[in-house]
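Per my numbering, residue 341 is the first one in the sequence shown, and the count goes up by one each step.
Here a beta-carbon is modelled for each residue, glycine too, at the ideal position from N, C-alpha and C.
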Amino acid sequence: MRALIFGCVLALGAFTAQAAEPIEGNWKTASGATAQIAPCGGGFCVTLKSGKHSGKQIGKMSGSGSDYKGTITDPEADKTYSGSGSVSGNSLKMKGCVLAVLCKSQTWTRL
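Now the structure itself:
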């Protein structure tokens with residue numbers, strides 16, 4: 341019995357270590373496009389998968405759990421801002437700021 345419990349604990353630990361970060365996946369943006377967030381270069385890249393700017397990388401974030409920081413690009417204006425993302429369930433609040441005082445945010449929904 342003890343070996344069975346130990347084996348289950350090891351299996352659970354292996355599963356937990358392989359679990360994806362909450363930010364990974366496909367998200368519907370405020371404009372209706374689909375953005376994919378996937379691991380890249382020690383962080384997470386944000387790439388548009390649909391819409392007018394499909395295929396364009398619009399951000400790079402690092403972090404874990406529910407809070408991430410990095411850069412985000414407005415594909416319409418082609419301007420890059422300091423950004424952050426906060427995951428709560430199936431919602432991702434993305435925020436981009438200029439000089440840390442002029443900020444815009446939008447909420448994306450997990451697909």
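Residue i in three-state terms, based on DSSP
i	result
PRO362	coil
ALA440	coil
LEU432	strand
THR445	A small fix is needed here, since residue 445 is Ser in this sequence, not Thr. SER445 falls in the strand class under three-state DSSP.
GLY399	strand
Beta-bridge pairing of residue i - partner residues as DSSP gives them
i	result
ASP407	SER404, SER426
ASP418	BP columns for ASP418 are empty, so no partner.
ALA378	CYS385
LYS368	THR374, THR449
Check: residue i C-beta below 8 angstroms from any heavy atom of the ligand FAD
i	result
ALA417	Judged by which ligands are present, the structure shown has none, so any question about the ligand FAD falls away.
| query | Are the segment 359 to 378 and the segment 396 to 411 in contact at 8 angstroms, needing three or more beta carbon pairs? | reply | Yes: at least three Cβ pairs fall under 8 angstroms.
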